[in-house]
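In UniProt numbering, the protein residues as written are 1 to 419.
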Ligand SMILES: [Zn+2]
């Protein structure tokens, strides 16, 4: 650890703090989770994948699990270390006062061939309490049974780059009753009756029952409802069959019976509030979240599940997932979310357009999705953003302009918070 500190100081001395007037070029790390596609990210990033490894996520940000590397001509440093060393110059005083000396958001490009685990994220108060508790009882931060590796909430937004499918939040009770009745198995019919009588209060025991089904019980249930799954054109049943193929006998296979099935077309985005069960099923998209890795899993995973912690966290309430309507301001589409940790916007430039960036005294992340975009500073110095390149404009730098043609994803803290 000491060694690393000295290395950072030595490299940083050679780089010099005047470099924080310039864009910070990021080299981002890839996560090879086994649910990843093998071809989409290599195509987007322009890299080869001769061994056909799954390429699941690119992480752009300063999360300690996989921070981006900042590349300077004199050498490179990790973004989290750079922020620790120069918080005011990179983040700005305002962001530090509101969120502490950390980059508040994390940006990912995610590409799923099959479903990710069903998960729930805590709200801020729960994350703080859960983290403090696990620290106090001494569960190592990397232990598989660790639920809270950090003390932050993890609201997230998903912006579809390809058709994207997911499960988000509980369905209306009548909808669950209809699906259980259609499935037709004896226990499911009984639950349908309970739900009809108890409404949302019956969701708790029903979800607990579903969550705790053994592999044997899931297999038995699936074979009992197999005629409905095969012959009823209900899209929920098609999804269950697909999940049964991806995660045989996992209790999460039956989750589409209770969770809303959502599909996005490219360019649409959805927000996932805290304490809401969700699973991304397949597709490629941008995911922006508060900088956290706090995940409670609820199925479709071989990983650790804490049913007790999970049931305490979930809000048992039906909800209607809403596609976010972006506010269009000139060439920018802004996807506002009900938290202030981040706002994603998509900037579309055509030849001759000029777009002001980095106007506030906060850090701003730019990720080029398409085209060739020039980034110019007040002195007229220019850099080129090609597809899959990303920069962080430090708070200490202002007066940037984008021009050229292309599509840029831009993330910053919610602008209404700015002075
Ligand atoms: Zn999530």
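No residue lacks a Cβ here, since even glycine has one placed at the ideal position from N, Cα and C.
Exercise for review: Just the C-alpha distance for residue 133 and residue 146, rounded to the nearest angstrom, thanks.
Suggested key: Computed Cα separation, rounded: 11 angstroms.
Check your understanding: Quick one: what's got a C-beta closer than 7 angstroms to residue 42's C-beta in the same chain, skipping five residues either side?
Key -> Short of 7 angstroms from the beta carbon of residue 42, and not among the five residues preceding or following it, lie these beta carbons of its own chain, in chain order: 48, 49, 55.
Point to revise | Coarse secondary structure for residue 10, derived from DSSP in three states | key: Three-state DSSP puts residue 10 in a helix.
Review point. Measuring from the CB of residue 156, is there a heavy atom of ligand 1 at a distance below 6 angstroms?
Key: At a cut-off of 6 angstroms, the beta-carbon of residue 156 counts as near ligand 1: some heavy atom of the ligand is closer than that.
**Study point:** residue 284 - containing beta strand (DSSP E), residue span
**Key:** 278-290 is the span of the beta strand (DSSP E), which, as asked, contains residue 284.
Exercise for review: Would you give the residue range spanned by the beta strand (DSSP E) that residue 344 belongs to?
Suggested key: Residue 344 -> beta strand (DSSP E) spans 343-349.
**Study point:** Continuous beta strand (DSSP E) stretch holding residue 376: start and end
**Key:** Per DSSP, residue 376 belongs to the beta strand (DSSP E) from 364-376.
Check your understanding: So what does residue 72 bridge to, in DSSP terms?
Key -> According to DSSP, which records beta bridges pairwise, residue 72 is partnered with 75.
Review point. Does the distance from the C-beta atom of residue 191 to that of residue 112 stay below 7 angstroms?
Key: Here residue 191 is not near residue 112, since their CB atoms are 7 angstroms or more apart.
**Study point:** Coil, strand or helix - residue 356 by DSSP
**Key:** The answer is strand: DSSP assigns residue 356 an E or B state.
Check your understanding: Per DSSP, what kind of secondary structure is residue 252 in: helix, strand or coil?
Key -> Here residue 252 sits in helix by DSSP.
Practice item. Determine whether the Cβ of residue 203 lies closer than 7 angstroms to any Cβ atom of chain C. Key: Looking at the structure shown, chain C is missing, and only one protein chain is on hand.
Practice item. Grab the span of the alpha helix (DSSP H) containing residue 173 for me, first residue to last. Key: Note, residue 173: alpha helix (DSSP H), 173-183.
Check your understanding: Which full runs of the alpha helix (DSSP H) of 4+ residues lie inside the stretch 295-322, going along the chain?
Key -> For secondary structure counted as the alpha helix (DSSP H) over 4 or more consecutive residues, the stretch 295-322 holds these complete runs in sequence order: 307-313.
Check your understanding: Span of the alpha helix (DSSP H) holding residue 90?
Key -> In this chain, the alpha helix (DSSP H) harbouring residue 90 covers 87-91.
Exercise for review: Label residue 37 either buried or exposed according to how many other C-beta atoms from any shown protein chain fall within 10 Å of its C-beta, with 16 as the threshold for buried.
Suggested key: When all chains shown are included, residue 37 counts as buried.
Point to revise | Start and end residues, alpha helix (DSSP H) containing residue 196 | key: First-last of the alpha helix (DSSP H) with residue 196: 186-198.
Exercise for review: Hey, could you find the ends of the alpha helix (DSSP H) residue 154 is sitting in?
Suggested key: For residue 154, there is no enclosing alpha helix (DSSP H), as DSSP marks it with neither H nor E.
Check your understanding: Between residue 154 and residue 319, is the Cβ-Cβ spacing less than 7 angstroms?
Key -> Contact: no.
**Study point:** Inside the stretch 93-169 only - alpha helix (DSSP H) runs reaching at least 4 residues
**Key:** Runs found: 93-99, 124-136.
Point to revise | Any non-hydrogen atom of ligand 1 within 6 angstroms of residue 119 CB | key: Under cutoff, so the answer is yes.
Review point. Does the Cβ of residue 169 have 16 or more other Cβ atoms within 10 Å, making it buried, or fewer, making it exposed?
Key: Buried.
Check your understanding: In chain order, what residues of the same chain lie with their CB nearer than 6 angstroms to the CB of residue 203, ignoring the 5 residues before and after it?
Key -> Excluding sequence positions up to five before and after residue 203, its CB lies within less than 6 angstroms of the CB of 316, all in the same chain and listed in chain order.
**Study point:** DSSP state of residue 275 mapped onto helix, strand, coil
**Key:** It is coil, neither helix nor strand.
Review point. Would residue 199 be called buried (16 or more neighbouring beta carbons within 10 Å of its own) or exposed?
Key: That one is exposed.
Check your understanding: Under 7 angstroms between the Cβ atoms of residue 269 and residue 159?
Key -> Taking 7 angstroms as the Cβ cut-off, residue 269 and residue 159 qualify as a contacting pair.
Exercise for review: Consult DSSP for residue 207 and reduce its assignment to one of helix, strand or coil.
Suggested key: Three-state DSSP puts residue 207 in a helix.
Review point. Under a Cβ-count criterion, where at least 16 other Cβ atoms within 10 Å of its own Cβ denotes burial, should residue 142 be classed as buried or exposed?
Key: Exposed, because fewer than 16 other Cβ atoms sit within 10 Å of the Cβ of residue 142.
**Study point:** Own chain, CB closer than 7 angstroms to residue 448, minus 5 neighbours either side, in chain order
**Key:** Because the chain is modelled from 1 through 419, residue 448 falls outside the range shown and cannot be assessed.
Review point. What residue does the alpha helix (DSSP H) around residue 34 start on, and which one ends it?
Key: Under the DSSP assignment, residue 34 falls outside any alpha helix (DSSP H); it carries neither an H nor an E label.
Review point. Is it right to say residue 1 is buried, meaning 16 or more other beta carbons lie within 10 angstroms of its own, or is it exposed?
Key: Residue confidence is low: residue 1 scores 44 on pLDDT, short of 50, so the model does not pin down where it sits. Its coordinate-derived value is still stated next. So residue 1 counts as exposed.
Exercise for review: Please determine, among 367, 123, 349, 337, the residue with the shortest C-alpha to C-alpha distance to residue 331.
Suggested key: Cα-wise, what sits closest to residue 331 is 349.
Review point. Straight-line CA distance for residue 64 to residue 80?
Key: Spanning the two alpha carbons is a distance of roughly 7 angstroms.
Exercise for review: With DSSP as the reference, label residue 20 as helix, strand or coil.
Suggested key: Helix.
**Study point:** Buried/exposed call for residue 231, threshold 16 Cβ in 10 Å
**Key:** With fewer than 16 other Cβ atoms within 10 Å, it is exposed.
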